[in-house]
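Here the protein sequences line up with chains A and B, keeping their order.
The opening position of the first sequence corresponds to residue 1 in my numbering, with each subsequent residue numbered one higher.
The opening position of the second sequence corresponds to residue 1001 in my numbering, with each subsequent residue numbered one higher.
2 protein chains.
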Amino acid sequence: MPATVSEKTIGRLSLYRRLLYELRNAGEENLYSHQLAQMAGVTAAQVRRDLMSIGYSGSPTRGYDVRELGESIGRFLDSPTDQGVALVGVGNLGRAIMAFFAGRRPHLRIVAAFDTDPYKVNRVIQGVRCYSLEQMPQVVESEGIQVGILAVPAVAAQSAADTLVRAGVRGLLNFAPVPLRVPPDVYVEDIDMTMSLEKVAYFARQRASQKELQTW
Amino acid sequence: MPATVSEKTIGRLSLYRRLLYELRNAGEENLYSHQLAQMAGVTAAQVRRDLMSIGYSGSPTRGYDVRELGESIGRFLDSPTDQGVALVGVGNLGRAIMAFFAGRRPHLRIVAAFDTDPYKVNRVIQGVRCYSLEQMPQVVESEGIQVGILAVPAVAAQSAADTLVRAGVRGLLNFAPVPLRVPPDVYVEDIDMTMSLEKVAYFARQRASQKELQTW
DNA sequence: GTAACGCTGTGAATAATTTCACAATATAAT
DNA sequence: ATTATATTGTGAAATTATTCACAGCGTTAC
Chain A
1 MPATVSEKTI GRLSLYRRLL YELRNAGEEN LYSHQLAQMA GVTAAQVRRD LMSIGYSGSP
61 TRGYDVRELG ESIGRFLDSP TDQGVALVGV GNLGRAIMAF FAGRRPHLRI VAAFDTDPYK
121 VNRVIQGVRC YSLEQMPQVV ESEGIQVGIL AVPAVAAQSA ADTLVRAGVR GLLNFAPVPL
181 RVPPDVYVED IDMTMSLEKV AYFARQRASQ KELQTW
Chain B
1001 MPATVSEKTI GRLSLYRRLL YELRNAGEEN LYSHQLAQMA GVTAAQVRRD LMSIGYSGSP
1061 TRGYDVRELG ESIGRFLDSP TDQGVALVGV GNLGRAIMAF FAGRRPHLRI VAAFDTDPYK
1121 VNRVIQGVRC YSLEQMPQVV ESEGIQVGIL AVPAVAAQSA ADTLVRAGVR GLLNFAPVPL
1181 RVPPDVYVED IDMTMSLEKV AYFARQRASQ KELQTW
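Set out below in structure tokens:
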């Protein structure tokens, strides 16, 4: 059981847990590494390697217990106490994010939203109270928020990040197409839709031309 | 110049291009690898390595020409002809995606949207015509669409993907929290917001506790 | 009981990615 | 012209991530 678990493994564990949760609802009680692997789109060896890092052991004959493994991943990934999340930017994307996460994980909930638009401030949108940017330090500190989501325009991203970090946020999920500059003790995950779409376009083209070559 | 360029490099090239475009607008004419690196949040060696793969050369004294390099990346990444994109799912997220990409890259535009909701079908939303799911094969084929974006609920994702692929799509950008099963000649990029948020929460917590340990 | 099976856990091998480090070089200064 | 300088391009090394391959082991079947 390694002292530190890689970013990629953490991501896959989150995926495994979701799949296990669905299996549990479907009444499954146990499964083998190769089954979980096929559902997750990875190899069986990868699954076993990942599970090593959380110290969960299966049985050679029954494989893994669906419920136990799910809970085990939960203990590893989740905070023992609830983690509140701050959302900055309540535009199209921000509201879509709110809707997407609404009612999903009670342990990791959006508990406050921030926007400059005075029409949104003090409203409750998707069950989340909306504050002005000025109130950010206050609210973040009083709620003990450690995680922020940035859904603001590119130009506003860095300053919003700075304010969040100053208020004590240690992790950012950044949807703005700008690399953020943050202190080394703050973790940033970028969701760069433009980059992703361009990657897809590039490889789609490549695959399409490979297909043509096959007939030669 | 390698025969095949890695997925990660393609992603970074897309980012470099965006940064170069901004620099160009700011009137910059040339820059060094370490400058681009610092803007992109990578090392200078990484930038030089990435640029090797598109065969662009700079000068030891002037560095890279901002305009030339940007165009060079464009020639490498972009299709010589325009690439149309199909968006499936015009809910909160779908509309946010439309708004996000509206007017960004003319070469890579959302040209058709699909949804089951009869209220949306035949409407024009964010400048994009909305069709029913039944029309998908037809429209995708007649428009020559090779790239699809899935912004549908998890349960609908696989079947939407199947239809797109059958109609000729070779690349998918998948926002649904489900691993898609597609033929090997179709490229899939997943944007899994739940996984990303859980990663951020995990590392935020970790960084926060490291901070505490520093004082010991 | 015990033999056979097919899985897990993991050390070792391989593959992919990044970084190091330095020769080659284009320019500016003198 | 020559020298000094700071950067590029790139083999080689280091690091990180994945896969192989197999010993060890519960369980089941007989």
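Every residue gets a Cβ at the ideal spot worked out from N, C-alpha and C, and that includes glycine.
According to DSSP, is residue i part of a helix, a strand, or is it coil?
| i | result |
| --- | --- |
| B/Gly1144 | coil |
| A/Asn25 | helix |
| A/Phe76 | helix |
| A/Asn122 | coil |
| A/Phe114 | strand |
| A/Leu188 | Position check: residue 188 of chain A holds Val in this sequence, whereas Leu was assumed. Strand at A/Val188. |
| B/Glu1007 | helix |
| B/Arg1062 | coil |
| B/Leu1051 | helix |
| B/Val1155 | helix |
| A/Val88 | strand |
| B/Gly1168 | coil |
| A/Arg109 | strand |
| B/Tyr1016 | helix |
| B/Leu1180 | coil |
| A/Val42 | coil |
| B/Arg1207 | helix |
| B/Tyr1056 | coil |
Given that a residue counts as buried once 16 or more other Cβ atoms are within 10 Å of its Cβ, and exposed if not, what is residue i?
| i | result |
| --- | --- |
| B/Ala1003 | exposed |
| B/Asp1117 | exposed |
| B/Val1155 | exposed |
| B/Gly1127 | exposed |
| A/Pro179 | buried |
| A/Arg62 | exposed |
| A/Glu28 | exposed |
| B/Ala1113 | buried |
| A/Glu189 | buried |
At the level of alpha carbons, what is the spacing between residue i and residue j?
| i | j | result |
| --- | --- | --- |
| A/Val165 | A/Val186 | 8 Å |
| A/Ala86 | A/Leu93 | 14 Å |
| B/Val996 | B/Asp1192 | Because chain B spans 1001 through 1216 in this model, residue 996 of chain B falls outside it and cannot be assessed. |
| B/Tyr1202 | A/Lys8 | 12 Å |
| A/Lys199 | B/Gly1011 | 6 Å |
| B/Ala1160 | B/Val1088 | 7 Å |
| A/Ala157 | B/Asp1065 | 28 Å |
| A/Arg104 | A/Val111 | 13 Å |
| A/Leu51 | B/Arg1067 | 48 Å |
| B/Asp1115 | B/Gln1146 | 18 Å |
| A/Ser6 | B/Leu1197 | 16 Å |
| B/Glu1022 | B/Glu1071 | 13 Å |
| A/Ala204 | B/Arg1049 | 24 Å |
| A/Ala45 | B/Thr1163 | 32 Å |
| A/Arg18 | A/Ile73 | 10 Å |
Taking residue i as the reference, give the member of the options with the closest Cα.
| i | options | result |
| --- | --- | --- |
| A/Gly55 | A/Leu69, A/Ala45 and A/Ser159 | A/Leu69 |
| A/His107 | A/Ile149, A/Ala160 and A/Arg75 | A/Arg75 |
| A/Leu31 | A/Gly11, A/Leu15, A/Gly58 and A/Ile10 | A/Gly58 |
| A/Tyr119 | A/Gln210, A/Tyr131 and A/Phe101 | A/Tyr131 |
| A/Val90 | A/Ile73, A/Asp65, A/Val169 and A/Arg129 | A/Arg129 |
| B/Gln1210 | A/Arg170, A/Arg18, A/His34 and A/Ala99 | A/Arg170 |
| B/Arg1181 | A/Thr61, A/Ala40, A/Glu22 and A/Gln35 | A/Ala40 |
| A/Ala37 | A/Ile73, A/Ala99 and A/Tyr16 | A/Tyr16 |
| B/Ser1014 | A/Ala45, A/Arg207, A/Met195 and A/Gln138 | A/Met195 |
*Looking at C-beta atoms only, is the number of pairs between the stretch 1160 to 1175 of chain B and the stretch 77 to 91 of chain A that lie closer than 8 Å three or more?*
No, the stretch 1160 to 1175 of chain B is not in contact with the stretch 77 to 91 of chain A.
*Counting Cβ pairs closer than 8 Å, one from the stretch 1118 to 1125 of chain B and one from the stretch 1150 to 1159 of chain B, do we hit at least three?*
Put simply, the stretch 1118 to 1125 of chain B does not touch the stretch 1150 to 1159 of chain B. Fewer than three CB pairs are less than 8 Å apart.
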